[in-house]
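Following this note's numbering, the numbering of the sequence shown begins with 304 at its first residue and continues without gaps.
For reference, the structure discussed in these notes is given below.
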Amino acid sequence: MKRIALSFAVLLAATLAAQADPPTRLTYPQPRRDSTVDNYFGTKVPAPYRWMEDLNSPELAKWVDQENQLTFSYLDRIPERDWMKQRLTQLWNYEKVGVPAREGGKLFFSKNTGLQNQSVVYETGSGVADARELIDPNKLSPDGSIALQGYVASNDGNELVYALSEGGSDWETLHVRDLRSGKDTSDEVHWVKFSGPSWTHDNKGFFYSRYPEPPKGEAIENRVENQALYYHVLGTSQSADKKIYARPDLPEWIIGGQVSEDGRYLLVTLVNGTSTKNELFYADLGDPQHPKIDAPIKPLFTANDAEYTPLGNIGDTLFVQTTKDAPNRKIVSLKFSDPSHLTTVVPEGHHVIEASLLAGGEVAVQYLVEAKSEVRLFGTDGAAKATLALPGIGSVVGLSGRNDTPELFYGFTSFLYPTTIYRYDLKSGKTEVFAKPKVDFDPARFETRQVFYTSKDGTRVPMFITARKDLKLDGSNPTILYAYGGFDINITPSFNPMLPVWLEMGGVYAVPNIRGGGEYGEAWHHAGMLSNKQNVFDDFAWAAKYLVAQKYTSTPKLGIQGYSNGGLLVGASITENPKLFGAAYGGAGVMDMLRYQKFSGGALWAPEYGTSEDKQAFQWLYQFSPVQNVKDGTCYPPTIITTADHDDRVVPSHSYKFVARLQHAQACDNPILLRVETQTSHGYMPTDKRIAQTADVWAFMAWNLGIRKAPDAKKP
304 MKRIALSFAV
314 LLAATLAAQA
324 DPPTRLTYPQ
334 PRRDSTVDNY
344 FGTKVPAPYR
354 WMEDLNSPEL
364 AKWVDQENQL
374 TFSYLDRIPE
384 RDWMKQRLTQ
394 LWNYEKVGVP
404 AREGGKLFFS
414 KNTGLQNQSV
424 VYETGSGVAD
434 ARELIDPNKL
444 SPDGSIALQG
454 YVASNDGNEL
464 VYALSEGGSD
474 WETLHVRDLR
484 SGKDTSDEVH
494 WVKFSGPSWT
504 HDNKGFFYSR
514 YPEPPKGEAI
524 ENRVENQALY
534 YHVLGTSQSA
544 DKKIYARPDL
554 PEWIIGGQVS
564 EDGRYLLVTL
574 VNGTSTKNEL
584 FYADLGDPQH
594 PKIDAPIKPL
604 FTANDAEYTP
614 LGNIGDTLFV
624 QTTKDAPNRK
634 IVSLKFSDPS
644 HLTTVVPEGH
654 HVIEASLLAG
664 GEVAVQYLVE
674 AKSEVRLFGT
684 DGAAKATLAL
694 PGIGSVVGLS
704 GRNDTPELFY
714 GFTSFLYPTT
724 IYRYDLKSGK
734 TEVFAKPKVD
744 FDPARFETRQ
754 VFYTSKDGTR
764 VPMFITARKD
774 LKLDGSNPTI
784 LYAYGGFDIN
794 ITPSFNPMLP
804 VWLEMGGVYA
814 VPNIRGGGEY
824 GEAWHHAGML
834 SNKQNVFDDF
844 AWAAKYLVAQ
854 KYTSTPKLGI
864 QGYSNGGLLV
874 GASITENPKL
884 FGAAYGGAGV
894 MDMLRYQKFS
904 GGALWAPEYG
914 TSEDKQAFQW
924 LYQFSPVQNV
934 KDGTCYPPTI
944 ITTADHDDRV
954 VPSHSYKFVA
964 RLQHAQACDN
974 PILLRVETQT
984 SHGYMPTDKR
994 IAQTADVWAF
1004 MAWNLGIRKA
1014 PDAKKP
C-alpha cells in the first residue's frame, strides 16, 4: 500500500507540474568547462567546450539527454502547445504534389497525401488522378529514418535511379528500380554526396559523382575531398565503374556531370564549394544510342570568373546562363567549337534572372522583380514572345520543361496560398491546373504587403509583412521576423502550414530580403559575404527597428527565427543586440565561425565566409561568431536552439557549444533551451517529427511573446 500511495503521489505531482505554467527560473545542466585556449595570430580565444566536438562522447550524450529533459519539461507546461500542434496537424493534412519532370513520354512527380512521413514517387501519362505508384519510401522504415533524397528517370522512362540515406544524411546510396517489373536491380552505388545522377540515352547506365571510399574502420563524416565523376553500367559492380573526370589539384571542388537532352554531350561543371562561380567543360559522346563514355573532356570556361550554367543545346549551339559582365545574369549562346565567341540571347536587365531553361524551342526566363517572380518567354534569337499570367504576387518554384516538348510546368506559391502546380502550353498560350491543394484555411481575412526600409548604412531593403487586414498598429502584436542572408539564396513568398496557425493567434510574420541573398543579383550577395557579412546582421536589426518604429510590434513582442546560415543570423543577432528581441529561435546554426571548416562539408563554405586560418578573415569572423561573442553577465532573450544528432552538414556541436555558453552567461531568468532530434538531419525530417518540432518552437515563441490564449481549435 505504501508503494502504491507513493506512486500515486509521484503521478499527481507530475500531473500538477504539467498543468502549471513554465517556470520563471530554470536550473541548467552544468557541462564541464576546461582550459582549452586557441591562439589565432596572437589573439587568444578560450574554447572551454571544445570537448563537445566529440559527438561520440558518453559525457556529451548525458548532457544532451539532460538538456532535452529540461526542454520538454518546459514545453509540456505551455497551455497553447497542444492546440498549436492539433491545428498545425489539421493544416498540414492536405495533398502536396511536386512539379513533374517528363522522360520517355511520361511525367514523374512526387505526392504526399497529407501526413505521410515522406512523399511517394509516381508516374503518369496525363494527370495526377491516373498516376501509378513507383516508390513509397514510407515502407522502407516505419519511423522515416531511411530518407528518399531524390530520383531520376532514364531516357526511355523504364528505369529509375534513386538515392537513399540514413536519417537524411548528405551521404547517399544509389539504387535502381526497373519500372516494368517494379523491382530493384542488383545495382548499388555508395560514397555519393552532392551529386545528381544523369543517364546516357542508351539507358545502359548513368554518370554520378562520389568521394573515395574511406579506409576500413575510418568514419566517413569528414571525408569531403577529391570528389570525382564516374559512370556506372547497369548490372555491374561499383568497383567496375569508370572514372570520367577528377581534379586532385582541386580537392575541395565539387564536380557534376549532366547529359544533354539530345544525349549528344556530357556537360561537366567544376565549382569551389559553395562559390557562385564555376568552370564548365564538355565531352562529345557521339551517337546517343552508342555513347563514347570515355570521350575526352574539353574546356569551355576555365577562368573561374563567373557563373556558367548550361541550359541545353540545339545542335552544336549551347545556351548558357551567366554572370560574366552581367551581375543580374544574362543568357548567351556559343558553338562548342568556338566557346570564346558569345552571342547575347537575353541581355542583362534591371531585374535579376533567377532561373532559365529551354522549353519547346524557346527560352523560359524566371525573373525576380522586387523579390517577386515573373516568367517571360523568348525565342532562341532573343525575340520577346510572352509573359506568363501568374496568379498573383508570389514565387514560381520548380520551373520544368524540355526543349522537344511545347510545355512548361511550374509551381506557384505565396505566404497565404499553398503551392499549386500549373502546365503552360507554349503553342496555345493556355494555362491549366495540374494539381491544386485544398487546405483547411481561409486566407480572406489576411494579407501580405511589401514595404521598404532603410538599413544602417542607408541601403534600401524590401520586406514582406503578412497579418490580419484589420491589424492595429499599436505596438502590441506578437511578431516573428525571419530571414536567411547568405549563399545567394533568395527568400521569396512561400506557404508554410505553421503560418496560418500563427496568424489565427493574432501574430504578424515579417520576412526581410536582407543582403547575402541574390534578390538583387550578384552585388546583393557580395554585399553580405566575407568581409561584408556584418551588413547581413545590420539589415536584420534595422528590420526589427522598423517594425517597432512603425508600431507593428514592440521589443517584448518581437521574436526572430532562422535556420542554418539563418541560425547563424539569429546567434549573431542576439549576441550583438540582446535587448532588441523578445524571443529567438535558431535552427542548426553555424555558431562557431572559427572552426566550422573542420567538420563534415564545412570547408565547402569557405568562399562564402572565409576561414580562421586566414589572418584577415579571422578578424571579421571573430567579430561576429556567436560562440565567441557571448558575454558573461548579459541578459539574453528567451532562446530555443534546435539541431539533429545526424546532421552532417552543420554538425550539432555548433548548437551544443552555443547553448552551453549562453546558459553559463545568462544573467536573468529568460530560458535558454536546447532541443535535439534523432534520426533526422540538416535538410530532412519526417512529417511527424517536423510537426512536433515546429509546434514546440512556435509554442515557445508564442509563450515568450505574451500569447496566453489560443483560439478554439477547429474540429478535423
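Cβ atoms here follow ideal geometry from the backbone N, Cα and C, with glycine treated the same way.
Coarse secondary structure for residue i, derived from DSSP in three states
i: ALA317; result: Here ALA317 scores only 39 on pLDDT, less than 50, and its place in the model should not be relied on; the value that follows carries that caveat. Three-state DSSP puts ALA317 in a helix.
i: ILE456; result: The identity of residue 456 in the sequence shown is Ala, whereas the question assumes Ile. Three-state DSSP puts ALA456 in a strand.
i: MET501; result: Strictly speaking, residue 501 in this sequence is Ser, with Met absent from that position. Strand, per DSSP.
i: ASN506; result: coil
i: PHE1003; result: helix
i: PHE961; result: helix
i: TRP474; result: coil
i: LYS388; result: helix
i: GLU406; result: strand
i: LEU451; result: strand
i: VAL851; result: helix
i: HIS535; result: strand
i: GLY1009; result: coil
i: SER703; result: strand
i: ARG336; result: coil
i: THR690; result: strand
i: LYS580; result: coil
i: PRO859; result: helix
i: GLN966; result: helix
i: ASP341; result: strand
i: LEU833; result: helix
Endpoints, beta strand (DSSP E) assigned at residue i
i: ASN420; result: From DSSP, ASN420 is part of no beta strand (DSSP E); its letter is neither H nor E.
i: ASP728; result: 723 to 728
i: LEU711; result: 710 to 716
i: TRP494; result: 486 to 495
i: VAL464; result: 462 to 469
i: GLN592; result: Taken as a continuous stretch (DSSP letters only), GLN592 belongs to no beta strand (DSSP E), as it is neither H nor E.
i: GLU980; result: 975 to 980
i: SER676; result: 675 to 682
C-alpha distance - residue i paired with residue j, whole-angstrom precision
i: ASN253; j: LEU637; result: Because the chain spans 304 through 1019 in this model, residue 253 falls outside it and cannot be assessed.
i: GLN941; j: GLY862; result: In the sequence as displayed, the identity of residue 941 is Pro instead of Gln. Answer to the nearest angstrom: the Cα atoms are 9 Å apart.
i: GLY905; j: ASP777; result: 44 Å
i: VAL678; j: ILE557; result: 30 Å
i: VAL699; j: GLU555; result: 32 Å
i: LEU784; j: GLU651; result: 32 Å
i: GLN919; j: ASP552; result: 25 Å
i: LEU871; j: LEU977; result: 15 Å
i: TYR912; j: ASP481; result: 44 Å
i: ARG483; j: TYR352; result: 55 Å
i: TYR727; j: SER413; result: 19 Å
i: ILE449; j: ILE724; result: 27 Å
i: PRO326; j: GLN966; result: 16 Å
i: ASP935; j: GLY576; result: 36 Å
i: ASN816; j: GLY789; result: 10 Å
i: LEU691; j: SER731; result: 12 Å
i: THR476; j: LYS399; result: 26 Å
i: VAL367; j: TYR812; result: 31 Å
i: GLU610; j: HIS493; result: 30 Å
Terminal residues of the alpha helix (DSSP H) in which residue i lies
i: GLU564; result: Element bounds for GLU564: n/a, residue is neither H nor E.
i: ASN371; result: 361 to 378
Buried versus exposed call for residue i [16 or more other C-beta atoms within 10 Å across all chains shown]
i: LEU418; result: exposed
i: GLU735; result: exposed
i: HIS535; result: buried
i: VAL340; result: exposed
i: ALA886; result: buried
i: ASN631; result: buried
i: ASP433; result: exposed
i: THR346; result: exposed
i: GLU436; result: exposed
i: HIS949; result: buried
Chain C contact for residue i (CB, 8 Å cutoff)
i: THR488; result: Absent from the structure: chain C. Only one protein chain is present.
Note down, one range per segment and in chain order, each alpha helix (DSSP H) of at least 4 residues found wholly within the region 918 to 954.
-> Annotation note: the region 918 to 954 contains the following uninterrupted alpha helix (DSSP H) runs of length 4 or greater, listed N- to C-terminal: 918 to 927.
What are the uninterrupted segments assigned as alpha helix (DSSP H) that are 4 or more residues long and contained completely in the region 731 to 770, given in chain order?
-> Counting only runs of at least 4 residues, the region 731 to 770 fully encloses no alpha helix (DSSP H) element at all.
For the region 861 to 909, list the beta strand (DSSP E) runs that are entirely contained and at least 3 residues long, ordered along the chain.
-> List check, beta strand (DSSP E) in window: 861 to 866 and 886 to 890.
Minimum length 3: unbroken beta strand (DSSP E) runs contained in the region 628 to 665 | 633 to 638, 641 to 649 and 655 to 662, all fully within the region 628 to 665.
Any beta strand (DSSP E) of 3 or more consecutive residues that is wholly inside the region 763 to 827 | Taking only runs of at least 3 residues, the beta strand (DSSP E) segments lying wholly in the region 763 to 827 are 763 to 771, 782 to 785 and 811 to 815.
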